[in-house]
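Only one structure is covered here, and it is reproduced in the block below.
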Amino acid sequence: MALEFLQHLVNGLSLGSIYALIALGYTMVFGVLKLINFAHGDVYMIGAFVGYFSARFFRFDDHSSLTGLFVTLGCAMSGSAALAFLIERFAYRPLRKAPRVNLLITAVGVSLFLQFTGQLVFGSDPKFFPQVYVPTGDWSYGELKINVLQVVVFGISILLMGLLQFIVFKTRLGRAMRAVSFNHDLASLMGIPTQKIISITFMIGSALAGAAGVLVGLIYPKIDPLMGVMPGLKCFVAAVLGGIGNITGAVVGALILGMAEELLVGYWAPTYRDALAFAILILILLFRPTGLFGVNRTEKV
Amino acid sequence: MGTLWRWLLVLGGIWAFQFLASDQIDPYFYSIIIYSGINIVLAVSLNLVNGFTGQFSMGHAGFMSVGGYTSAFLTIWFAQQFPGVLESPWSGAPVFVGALLAGGLAASVAGFLVGLPSLRLKGDYLAIVTLGFGEIIRVLILNLDFIGGARGLPGIPALSHFGWVYSVVVVCVFFVARIMQSSHGREFLAVREDEIAAEATGVNTTRAKVRAFVLGAFFSGVAGGLFAHTLRYLNPQTFDFNKSFEIIIMVVLGGMGSITGSIVAAVLLTISREALRPLQELTHIDFRMIIYSLLLIVLMLTKPNGLFGRREINELFAAWSTRRKLKREGLS
């Protein structure tokens with residue numbers, strides 16, 4: 001019983017670490033633009049597909065290797081970063097001065113455009129993600145089995161999150177990003193190229209989503225153009241749960257959500273899996289709208 | 001002639017058409033007219049929330065499904081309990097109207113339950129919470145076995161026809177147009193323009209928002225009932241996010257805050273859906289979604305107010321006739 005519980009926790013952690021990568025993108029974009037980037041889940045989907053095609057192009061599916069995994073990750077991350085640049089430049093930037101709701105509608109439009117163009121280009125049937133890295137054997141502690149692949153996925157996510165933490169808190173770029181998220185106008189008065197920083201933030205967040213796409217492809221090797229819809233919404237919930245705009249919060253929220261989902265599926269009602277995230281969202285918005293780590297900001301007239 | 005009389009005259013015309021000419025129309029064309037009507041009700045009712053009250057809701061399909069399932073369940077139950085009653089138009093009509101009203105009420109109860117907690121939220125949060133509620137409703141229906149669950153609900157009596165659909169259209173448009181002329185409507189507009197200022201002038205903003213939400217949900221529930229009795233089969237997958245999105249784009253294309261715009265856009269998009277069907281068969285995907293989403297992006301970039309902005313047809317007409325009068329008198 002306790003063993004089964006632990007097993008669910010392990011599964012939840014690896015799922016949660018992937019959610020965390022996507023949730024980070026949400027939280028970063030929200031930080032600088034105050035926009036819920038609805039297209040984020042679909043950027044993650046595109047990342048998975050770029051990974052799929054690059055792995056096939058370099059023939060990494062023949063033999064499992066760590067190099068293959070890292071090259072695939074690199075391709076997926078740069079692919080989704082490039083896509084994010086285009087989205088930001090052509091869909092969001094012209095609307096910087098427009099009412100917020102217009103931006104929201106555009107984001108929804110971009111999301112659906114990616115989903116259905118994806119179906120047109122890649123075909124709507126699911127594809128088998130090439131197994132670029134298949135570690136052999138499980139680690140077992142007594143009866144508890146830990147899949148090495150899950151550990152690798154978890155490790156890579158932690159690595160990427162650490163990298164992000166470093167960029168945001170230890171570099172000039174990160175300081176500029178934090179300044180922009182604090183106040184656009186003041187930041188640009190201080191000589192920070194606001195547009196450029198927003199664009200870069202978008203690209204970094206989307207690169208993380210692209211990496212998540214490849215990692216998901218490793219654990220659940222079935223990808224299709226609509227795969228980003230649910231994770232996209234759920235990771236938004238994770239970001240809100242942790243306090244949107246807060247990097248640590250996004251990671252913690254995503255881990256909680258991943259584990260809660262695994263436990264729900266394991267013990268109670270697997271068919272309600274997709275409803276859980278929304279139930280959490282509604283509860284958190286009712287009782288603690290700023291999230292677990294958020295700070296309360298008063299609205300000024 | 002008073003406004004009410006004019007509306008009643010339109011209603012009379014619709015029923016006259018129903019009895020005299022509706023069976024002479026080509027069935028395909030007829031179905032387009034019917035679905036246009038249903039979409040008009042959906043778009044106008046969503047416009048009440050998204051356009052006039054300025055609360056961006058993305059869960060309209062959820063309320064539509066609540067209304068559809070409720071009314072369909074009622075008529076199916078009635079057909080089993082009292083066989084033959086629904087066949088006669090005289091005894092079938094009250095049952096159908098009752099079922100539609102029950103569907104609308106069920107949807108407005110759902111709207112109340114959703115609206116009361118979530119309308120404290122603003123903008124993006126509200127959008128995503130309503131989206132979430134729409135999904136929760138869908139997952140719940142998927143798991144309810146007595147209304148078919150994932151298999152769907154077949155065998156709904158074919159009670160809906162032109163007369164009913166367009167009566168609902170007239171009632172809905174009349175209702176929303178009159179409400180927007182009343183003090184309640186002014187409250188909705190005040191909330192849209194500036195929530196804080198509205199509150200400062202004594203508008204109970206939460207109450208206004210919940211009212212708009214409940215009313216919108218009511219009409220979308222009735223539209224769901226019409227939809228159920230037209231298609232005669234319901235499936236939870238029909239009411240996914242894409243359905244909500246379809247209604248949103250009608251509202252946005254027509255202009256958020258214009259009933260005329262919603263009507264025109266609903267008809268346009270229903271026709272375009274049929275016009276795009278060959279493309280859909282060619283590509284094997286829902287091709288119109290690509291066009292809708294592109295349309296939405298381009299619209300936001302170039303003409304964010306949609307076709308009509310916030311104006312209605314009578315205002316446009318009045319402006320036009322004033323201009324003409326001025327020209328005739330040589331004043332402009």
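So the protein sequences, as listed, match chains A and U.
Residue numbers for the first sequence follow this note's numbering, beginning at 1 and rising by one.
Residue numbers for the second sequence follow this note's numbering, beginning at 1 and rising by one.
Idealized CB from N, CA, C, for every residue including glycine.
- Of the residues assessed, W164 of chain U falls on the buried side of the cut-off, its CB having 16 or more other CB atoms within 10 angstroms.
- Taking 8 Å as the cut-off, the beta carbon of Y26 of chain A is found closer than this to the beta carbon of F236 of chain A.
- In terms of CA proximity to G232 of chain A, A:S111 leads the group A:S17, A:S111, A:L144.
- Going by beta carbons, A211 of chain A and L73 of chain A fall inside the 8 Å limit.
- The beta carbon of K222 of chain A lies closer than 8 Å to those of P126, K127, F128, F129 in the same chain, with the five residues before and after it left out.
- By the Cβ-count criterion, K327 of chain U is exposed, with fewer than 16 other Cβ atoms from all chains shown falling within 10 Å of its own Cβ.
- By the neighbour-count criterion, in which a residue is buried when 16 or more other Cβ atoms sit within 10 angstroms of its Cβ, P157 of chain U is buried.
- Note that the C-beta distance between G62 of chain U and I137 of chain U is below 8 Å.
- With fewer than 16 other CB atoms across the displayed protein chains lying within 10 angstroms of its CB, Y28 of chain U is exposed.
- Taking 8 Å as the cut-off, the Cβ atoms of S124 of chain A and D62 of chain A do not count as close.
- Under the Cβ criterion of 8 Å, R288 of chain A is not counted among the residues facing chain U.
- Scanning chain U for C-beta atoms nearer than 7 Å to the C-beta of N147 of chain A yields nothing, as the closest lies near 29 Å away.
- At a cut-off of 8 Å between beta-carbon atoms, S220 of chain U makes no contact with chain A.
- At a C-beta separation below 8 Å, L301 of chain U has these neighbours in chain A: A91, P94, L95, T106.
- Taking 9 Å as the upper bound on Cβ-Cβ separation, chain U lies near residues F30, K34, L35, I36, F38 of the segment 30-62 of chain A.
- Chain-ordered, the chain U residues with CB closer than 9 Å to the CB of F236 of chain A read I128.
- Closer than 7 Å at the C-beta level to chain U, one finds no residue of the segment 240-258 of chain A.
- Of the other Cβ atoms in all chains shown, fewer than 16 fall within 10 Å of the Cβ of A16 of chain U; this residue is therefore exposed.
- Under the three-state reduction of DSSP output, I285 of chain U falls in the coil class, being neither helix nor strand.
- K325 of chain U sits exposed, since fewer than 16 C-beta atoms from the chains shown fall within 10 Å of its C-beta.
- Out of A:A277, A:G245, A:L257, A:W268, the CA that lies nearest to the CA of M28 of chain A is found in A:G245.
- Under the 8 Å Cβ criterion, the segment 265-281 of chain A does not count as touching the segment 68-86 of chain A, having fewer than three qualifying pairs.
- Taking 8 Å as the CB threshold, E193 of chain U stays off the interface with chain A.
- Taken atom to atom, the span from the alpha-carbon of G224 of chain U to that of L163 of chain A is near 50 Å.
- The contact set of Y272 of chain A on chain U, defined by CB atoms closer than 8 Å, consists of V139, N143 in chain order.
- If you look at I146 of chain A, you'll find it in the beta strand (DSSP E) that goes 144-147.
- At a cut-off of 3 residues, not a single continuous stretch assigned as beta strand (DSSP E) sits fully inside the segment 110-159 of chain U.
- Think of a sphere of 8 Å around the beta carbon of F245 of chain U: the chain A residues whose beta carbon falls inside it are V108, L112, in chain order.
- For K196 of chain A, the enclosing alpha helix (DSSP H) stretches over residues 194-219.
- Check the Cα spacing between T201 of chain A and each of A:S181, A:L186, A:V216: the tightest is with A:S181.
- In the DSSP assignment, T270 of chain U falls within the alpha helix (DSSP H) that extends over 259-275.
- Contact between L253 of chain U and L299 of chain U is confirmed by a C-beta separation of about 7 Å, below the 8 Å threshold.
- For M64 of chain U, no chain A residue has a Cβ inside 9 Å of its Cβ, as the nearest lies near 18 Å away.
- The Cβ atoms of G216 of chain U and A106 of chain U do not sit closer than 8 Å to each other.
- Listed in chain order, the positions of the segment 197-226 of chain U with a beta carbon within less than 7 Å of a beta carbon of chain A would be empty, since no residue qualifies.
- In the three-state reduction of the DSSP assignment, S88 of chain U falls in the coil class, being assigned neither a helical nor a strand state.
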